[in-house]
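*Asks:*
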Amino acid sequence: MTTKDDFEARCPSFQAAIELVGRRWNGAILMAAQDGARRYSEFLAAVPGISERVLAQRLRELDAAQVLVREVQPTTPVQITYTMTERGKELALAVQPLIAWGERWLGRGSEQHDG
1 MTTKDDFEAR CPSFQAAIEL VGRRWNGAIL MAAQDGARRY SEFLAAVPGI SERVLAQRLR
61 ELDAAQVLVR EVQPTTPVQI TYTMTERGKE LALAVQPLIA WGERWLGRGS EQHDG
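Laid out in structure tokens, this is it:
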């Protein structure tokens, strides 16, 4: 049985994780990174419907959260790549069961209720 102390200790961490993954577009960006997207243009192509401004903002947020790491390549022209950190890889693994649940219970053609 979960005690009040257990709940209070876990709730902020759980809430922070859900907010990070649940922020609009972050899940799609995370999946694109897992599928090999590294450059801004690759993320833009992999996440249909996202605006350039929002993509730039979300990439900065995921970099700040240490889910992705932004690397500047000193080439001409300068190339910027984003790669998943260990934290990001672990987050992507943690999200897989949620994706499976969504496909089963919320995907097209699925039943929207138990029964």
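Heads up: the sequence shown begins at 1 in full-length UniProt numbering, then just goes up one per residue.
Quick reminder that beta carbons are idealized off the backbone N, C-alpha and C, glycines included.
Computed from a predicted model, the values in this text were never measured in an experiment.
What residues match up with ILE99 in a beta bridge as DSSP calls it?
*Replies:* Numbered from its first residue, the sequence shown carries residue 99 at position 99. For ILE99, which the question treats as bridged, DSSP gives no partner whatsoever.
*Asks:* Please classify ARG58: is it buried, with 16 or more other beta-carbons within 10 angstroms of its beta-carbon, or exposed?
*Replies:* On the sequence shown, residue 58 is found 58 positions in, with the first residue counted as 1. By the neighbour-count rule (16 or more Cβ atoms within 10 Å), ARG58 is buried.
*Asks:* Quick check on VAL72: buried or exposed, where buried means 16 or more other Cβ atoms within 10 Å of its Cβ?
*Replies:* In the sequence shown, counting from the first residue as 1, residue 72 sits at position 72. With fewer than 16 Cβ atoms within 10 Å of its Cβ, VAL72 is classed as exposed.
*Asks:* With DSSP as the reference, label VAL21 as helix, strand or coil.
*Replies:* Counting from one through the sequence shown, the residue named residue 21 turns up at place 21. In the structure shown, VAL21 sits in a helix (DSSP, three-state: H, G or I).
*Asks:* Can you tell me whether LEU91 is buried or exposed? The criterion is at least 16 other CB atoms within 10 Å of its CB, across all chains shown.
*Replies:* One-based indexing of the sequence shown puts residue 91 at position 91. By the neighbour-count rule (16 or more Cβ atoms within 10 Å), LEU91 is buried.
*Asks:* Taking DSSP's pairing of strands, which residues face GLU42 in a bridge?
*Replies:* Against the sequence shown, residue 42 aligns to sequence position 42. DSSP output for GLU42 lists no bridge partner at all.
*Asks:* Please check the pair THR83 and VAL69, which I expect to be a contact at CB under 8 Å, by giving their CB distance rounded to whole angstroms.
*Replies:* Indexing the sequence shown from 1 puts residue 83 at position 83. Indexing the sequence shown from 1 puts residue 69 at position 69. Sure, about 6 Å apart at Cβ, within 8 Å.
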